Each structure stands twice: as C-alpha cells, then as structure tokens.
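Engineer: Take this structure, written in structure tokens, and hold onto it; I'll ask about it next.
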Amino acid sequence: SLEPKLDLINVELQHLDILCFTETWLKPDVLENDVLLDNFVKPFRHDRVDRMGGGVAVYVKSCLSAKRRCDLEVNGVESVWLELKLKQNRPFLLGTFYRPPNSPQHLLNLIEHSFDLASDTGIETIVIVGDFNDDQMNPRQSKMKEIFTRYGMTQFVEEPTNFCENSASIIDLVLSNKLNVVDLVHVGQPFLPANIRFHSPVYGILKFQKSSNTCFKRKIWLYDRGDYDLFRRMLSDVNWNDFIESSNNVDVLVERFSELLIDFASKAIPNKNITVRKTDPPWMNNYIRRTIRKRNRIYKKAKKANSPENWLQFRRSRNKTVNVIRNEKTKFYDKLIGKLRTTMSSTKIWWNLAYRITNLKSRDMNIPPINLNSSIIEDDKQKTEAFNDYFASQSNIDDSNKTTA
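Structural data, given as structure tokens:
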C-alpha cells in the first residue's frame, strides 16, 4: 500500500522525475492532499473500487508537462495513461499497468485493446511500465510476450524484480516500441519494509531533454556558538579614522567595510558551506543520508555474497533506516511546533513557522510548464512574459476621444 510509505518515498525517490506505483491500495475516499509528494503534482490515480488491493498511481515532477489520456484507459484494466511533452522533444505516451495474479484471459484482451488505442494516436514513442504478474524468466509460459511482440515492444528488465520464499521472477516490466528511447534500466534495492515476499523497485533513464534542477552551495553561520568578545576586540582594533580617510568614494568604503566585517565574522563565528538541494524534504539531514549510504553498502555486500547472514544484516539496516527517517521527521516537526507555541516574535515569523509545519508553500511554489501555441515554456522569465502578454491583450482601451493639451 502507498499511503503509509510516503515519508520513505519522499526521501528515497525525490531525485526522480516520474514515479509509477502499482498496488497502491488507495480508495476514492482517500483525498489527494493526503497522498501528495513534495515537488510533484497531484498524482494521476486509478483506484480499485470493488475490493481491497490493486490500484495504480503516477507522480510527475511539477517542472514537467503531463496530461491524462483517459481515452486510452479501458474499463476493467487498472492503468493510467499520460501524454508527456519535454522541452523540444516530441510528445510520448507513458502507460502504467497492474495485472493481478491469475487473471482471466479476457483481461489480456482488454490490455491488448488499450495498447491498440495507444498505437492509433499517431504518437510515435510509447513507454509502458507496471506489474504484469507475467514472469519473463519463463518466456515459453508468458501470456504477455505475444502481445508485446505484436506491438513491437521491447522488454528491458533483465534481473529478477519479485522475490518469494523459494523463487524469483521478472514481473515488473519496462517496455517501449523505440529501442533508442530507454537508455538504462536497473533493478534497485528494496528500501521499503517487507518480510519474505517483496518487489524491488525498477529504475529507468529515458533519452529526453528536460530542465535541470540544480543544487547550490550556501554558507551558514552558527551564531549560538560565536565568540562575540573576539568579534568586538577585532572591531575595536581597527583605526576607523584612517579607514574613512582611505577613500573619498563612499561605494568603495562600503565595499571595504563589508569585506572587513565578513572577515571578522568568519573568524569569530563558526560557519560552514552546505549543499542545498531544492528537492529535499525540509526534515532531510546528514544523519539520514549517512544511514541510507550505510544501508546501500550493506545491500551491495549482501547481493554479492548472497548468504542468509548478509541478507539478515541488510534487512536490519533497512528497518533501522526506516525508523531513522520517521523519527527525524517527527523530531523536526515537534521542534517547529514547540517554537510555534512559545514564540513571541512577529506575525511574519509565526506564519513562516506555520507554513513550514503545514508544508503549504512548498507544494505550490513552482509554476508548471506552460503550453503556448504547441510550444512548451519552462523558463521562469518566459513564463512571466507569456502571462504579461496574455493579460495585456485582454485590456483594450479606447482612447480615441482623449483630449490633448
């Protein structure tokens, strides 16, 4: 199920642009606001309504342009079809499917009909992912292989993705009708908590251009650990009369004063450079990153050795990572709530704390790409100009009767 795992997904998968989930176990009464992910638009969902389990959800980064293609979704099939347009690339279709185990033959016919509808759109590139519960390690017994071949689909997953007590299978698939579109497919480590039976996530890299989400460096000052007596002494030792007389240009003096002040501050107040990643959750910290890196090392060792002892060590490390992520998030928000209750500062500070707790601002900060005359606009300045041109065109002032002085 998806909902109880959102915190882990927020940490582990924020660096990705499109997330496709099956077996979400979501019902229509689950509100969209309850399953949001930072920096992603509201999920495109296909919930199962008649019984427990199943369901499909697709998350798309807010910097990408995507629209739902309900006309390609066939009744009786758990699927989500999207049409995506990235920069100067031609649009492509992305279909996400869930086919339950032991499904009847008529479901295969419905899935094939959905493939057929997608092929008839005229959009050249089609990418299909999902859990088909059709083991590609046994191609002779595969029920889907004939359908894939009929529509010119290549299946890219070559490692087992599903693990049971005594077996492994390739049932989580990545397909495309264009060989050169899929650059890389990799089966990752199972970072979500599971017992004996589990799915490993499948990652793929598509050859499309997109806007880059760059990180940046920033210096932070640890003011609570500053030596302010030293700071005052350094300021007192400056001959300010000579300093002022050193130039008649006020701009030069301001620049020199700023450099001097920052130099003294850097000697008296501990500081460090940090990397700011726009996609990180606000409660992400170095302790979580170190724990994840350690778990990753243990996973590589377990995969190489493939012994019960190593896999047991990995499961323990994975469970520890899950607990660390949840505990650090709780501590972060408990601290903010404590500040909110005790702060006697300005209204602005109070509201800033409230926004950080509710996370209202971060979800709607980015204006999504704009489709203007079949051209996708991603640059912020170009978006501003497009909005300005539109609103300016709505106002037509008749000044023909204006008198001149």
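Residue numbers (the UniProt record's numbering): 1 to 405.
Yeah, the Cβ is synthetic: ideal placement off N, Cα and C, and Gly gets one too.
Remember, it's a predicted structure, so these values are computed and weren't measured experimentally.
Cβ of residue 21 within 7 Å of Cβ of residue 57?
Structural biologist: The residue given as residue 21 occupies position 21 in the sequence shown. The residue given as residue 57 occupies position 57 in the sequence shown. In contact: residue 21 and residue 57 (Cβ atoms closer than 7 Å).
Engineer: Would you check if the stretch 321-333 and the stretch 4-19 touch, i.e. whether three or more CB-CB distances between them fall below 8 Å?
Structural biologist: Judged by pairs of C-beta atoms under 8 Å, the stretch 4-19 touches the stretch 321-333, as three or more such pairs exist.
Engineer: Give every residue of the same chain whose Cβ lies closer than 8 Å to the Cβ of residue 372, excluding the five residues on either side of it in the sequence, and list them in chain order.
Structural biologist: Along the sequence shown, read from residue 1 onward, the residue named residue 372 stands at position 372. Only 386 meet the Cβ criterion.
Engineer: Starting from residue 68, follow its DSSP beta bridges and name the residues at the other end.
Structural biologist: Here residue 68 is taken as the residue at index 68 of the sequence shown, counted from 1. Partner(s): 82.
Engineer: Report the start-end ranges of each beta strand (DSSP E) in the stretch 17-61 that is 3 residues or longer and not cut off at the edges.
Structural biologist: Counting only runs that start and end inside the stretch 17-61, the beta strand (DSSP E) elements of at least 3 residues fall at 18-22, 44-46 and 56-60.
Engineer: Please classify residue 141: is it buried, with 16 or more other beta-carbons within 10 angstroms of its beta-carbon, or exposed?
Structural biologist: Position 141 of the sequence shown, counted from the first residue, corresponds to residue 141. Label assigned to residue 141: exposed.
Engineer: Check this for me: beta carbons of residue 113 and residue 162, under 7 Å apart or not?
Structural biologist: Stepping through the sequence shown from its first residue, residue 113 is reached at position 113. Stepping through the sequence shown from its first residue, residue 162 is reached at position 162. Cβ distance not < 7 Å, so residue 113 and residue 162 don't count as in contact.
Engineer: Could you check where the alpha helix (DSSP H) with residue 131 kicks off and where it finishes?
Structural biologist: Reading the sequence shown from its first residue, position 131 is the one you call residue 131. Where residue 131 is concerned, there is no enclosing alpha helix (DSSP H), although the beta strand (DSSP E) it sits in stretches over 125-131.
Engineer: Considering just the uninterrupted stretch of the beta strand (DSSP E) at residue 183, what are its terminal residues?
Structural biologist: Walking along the sequence shown from the start, residue 183 turns up at place 183. Counting along the chain, the beta strand (DSSP E) containing residue 183 begins and ends at 182-187.
Engineer: Label residue 270 either buried or exposed according to how many other C-beta atoms from any shown protein chain fall within 10 Å of its C-beta, with 16 as the threshold for buried.
Structural biologist: By one-based count along the sequence shown, residue 270 stands at place 270. In the assembly as shown, residue 270 is an exposed residue. Its beta-carbon has fewer than 16 other beta-carbons within 10 Å.
Engineer: Considering residue 115, what are the terminal residues of the alpha helix (DSSP H) in which it resides?
Structural biologist: Here residue 115 is taken as the residue at index 115 of the sequence shown, counted from 1. Its alpha helix (DSSP H) spans residues 105-119.
Engineer: Per DSSP, which residues does residue 92 bridge with? Please list them.
Structural biologist: Counting from one through the sequence shown, the residue named residue 92 turns up at place 92. Paired residue(s): 84 and 125.
Engineer: Of all the options 347, 131, 322 and 145, which has the alpha carbon lying nearest to the alpha carbon of residue 194?
Structural biologist: Position 194 of the sequence shown, counted from the start, is the residue given in the question as residue 194. The shortest Cα separation from residue 194 among 347, 131, 322 and 145 belongs to 322.
Engineer: Given residue 394, which residues of its chain have a CB within under 6 Å of its CB, disregarding the five upstream and five downstream residues?
Structural biologist: Position 394 of the sequence shown, counted from the first residue, corresponds to residue 394. Cβ within range, chain order: n/a, list empty.
Engineer: Over the uninterrupted beta strand (DSSP E) stretch that includes residue 206, give me the two end residues.
Structural biologist: The residue given as residue 206 occupies position 206 in the sequence shown. Counting along the chain, the beta strand (DSSP E) containing residue 206 begins and ends at 202-206.
Engineer: By alpha-carbon positions, which one of 378, 389 and 392 ends up nearest to residue 89?
Structural biologist: What you label residue 89 is simply residue 89 of the sequence shown in a count that begins at 1. Distance from the Cα of residue 89 is smallest, within the candidate group 378, 389 and 392, for 378.
Engineer: Mind listing, in chain order, the continuous beta strand (DSSP E) runs of no fewer than 3 residues lying wholly within the stretch 266-341?
Structural biologist: 271-276
Engineer: At the level of alpha carbons, what is the spacing between residue 293 and residue 189?
Structural biologist: As a position in the sequence shown, residue 293 is number 293, starting the count at 1. As a position in the sequence shown, residue 189 is number 189, starting the count at 1. Taking the straight line joining both Cα atoms gives about 12 Å.
Engineer: For a test of the three-state rule: what should DSSP assign to residue 75, helix, strand or coil?
Structural biologist: Position 75 of the sequence shown holds residue 75. In the structure shown, residue 75 sits in coil (DSSP, three-state: anything other than H, G, I, E or B).
Engineer: What does the alpha-carbon distance come out to for the pair residue 118 and residue 92?
Structural biologist: In the sequence shown, counting from the first residue as 1, residue 118 sits at position 118. In the sequence shown, counting from the first residue as 1, residue 92 sits at position 92. For residue 118 and residue 92, the distance between alpha carbons rounds to 10 Å.
Engineer: Residues bridged to residue 199 by DSSP?
Structural biologist: Walking along the sequence shown from the start, residue 199 turns up at place 199. Its beta-bridge partners are 162.
Engineer: Tell me the rounded alpha-carbon separation between residue 362 and residue 39.
Structural biologist: Walking along the sequence shown from the start, residue 362 turns up at place 362. Walking along the sequence shown from the start, residue 39 turns up at place 39. Any reading at residue 362 needs caution, since the residue's pLDDT is 48, under 50, leaving its predicted position unreliable; the model's value is listed next. Between residue 362 and residue 39, the C-alpha separation is close to 7 Å.
Engineer: Should residue 243 be labelled buried (16 or more other beta-carbon atoms within 10 Å of its own) or exposed?
Structural biologist: Within the sequence shown, residue 243 is the residue found at index 243, counting from 1. It is exposed - the Cβ of residue 243 has fewer than 16 other Cβ atoms within 10 Å.
Engineer: Please report the residue range of the beta strand (DSSP E) in which residue 172 lies.
Structural biologist: In the sequence shown, the residue the question calls residue 172 occupies position 172. 172-176 is the span of the beta strand (DSSP E), which, as asked, contains residue 172.
Engineer: Quick check: the Cα distance between residue 315 and residue 309, rounded to an integer number of angstroms?
Structural biologist: Reading the sequence shown from its first residue, position 315 is the one you call residue 315. Reading the sequence shown from its first residue, position 309 is the one you call residue 309. Rounded to whole angstroms, residue 315 to residue 309 spans 10 Å at the Cα level.
Engineer: Output needed for residue 227: all residues of its chain with C-beta closer than 6 Å, excluding positions within five of it in sequence on either side, in chain order.
Structural biologist: The residue labelled residue 227 in the question sits at position 227 within the sequence shown. Cβ neighbours of residue 227 beyond the five flanking positions: 268.
Engineer: Answer yes if the stretch 173-187 comes into contact with the stretch 121-134, meaning at least three C-beta pairs across the two stretches below 8 Å, and no otherwise.
Structural biologist: yes
Engineer: Quick check on residue 99: does DSSP put it in helix, strand or coil?
Structural biologist: Within the sequence shown, the letter at position 99 stands for residue 99. Coil at residue 99, not helix or strand.
Engineer: Could you round the C-beta distance between residue 47 and residue 27 to whole angstroms and report it? I think they count as a contact, below 8 Å.
Structural biologist: Translated into the one-based positions of the sequence shown, residue 47 becomes position 47. Translated into the one-based positions of the sequence shown, residue 27 becomes position 27. That pair is a contact at about 6 Å.
Engineer: Can you check whether the CB of residue 3 is closer than 7 Å to the CB of residue 41?
Structural biologist: The residue you call residue 41 lines up with position 41 of the sequence shown. The residue you call residue 3 lines up with position 3 of the sequence shown. Result no, Cβ atoms of residue 41 and residue 3 do not sit closer than 7 Å.
Engineer: Have a look at 147, 83 and 60 and flag the residue whose alpha-carbon is nearest the alpha-carbon of residue 121.
Structural biologist: Here residue 121 refers to the residue found at position 121 of the sequence shown. For residue 121, the nearest C-alpha among the options comes from 83.
Engineer: Output the boundary residues of the beta strand (DSSP E) element that contains residue 375.
Structural biologist: Sequence index remark: in the sequence shown, residue 375 carries index 375 (1-based). Start and end: 375-377.
Engineer: Could you spell out the range, first to last residue, of the beta strand (DSSP E) harbouring residue 371?
Structural biologist: For the purposes of this step, residue 371 is identified with residue 371 of the sequence shown, where counting begins at 1. Note, residue 371: beta strand (DSSP E), 370-372.
Engineer: Can you have a look at residue 18 and say buried or exposed, based on whether 16 or more other CB atoms are within 10 angstroms of its CB?
Structural biologist: For this step, residue 18 is matched to residue 18 along the sequence shown. Buried is the call here.
Engineer: Three or more C-beta pairs under 8 Å: does that hold for the stretch 129-140 against the stretch 92-109?
Structural biologist: yes
Engineer: Identify whether residue 155 lies in helix, strand or coil by the three-state DSSP scheme.
Structural biologist: Stepping through the sequence shown from its first residue, residue 155 is reached at position 155. Strand, per DSSP.
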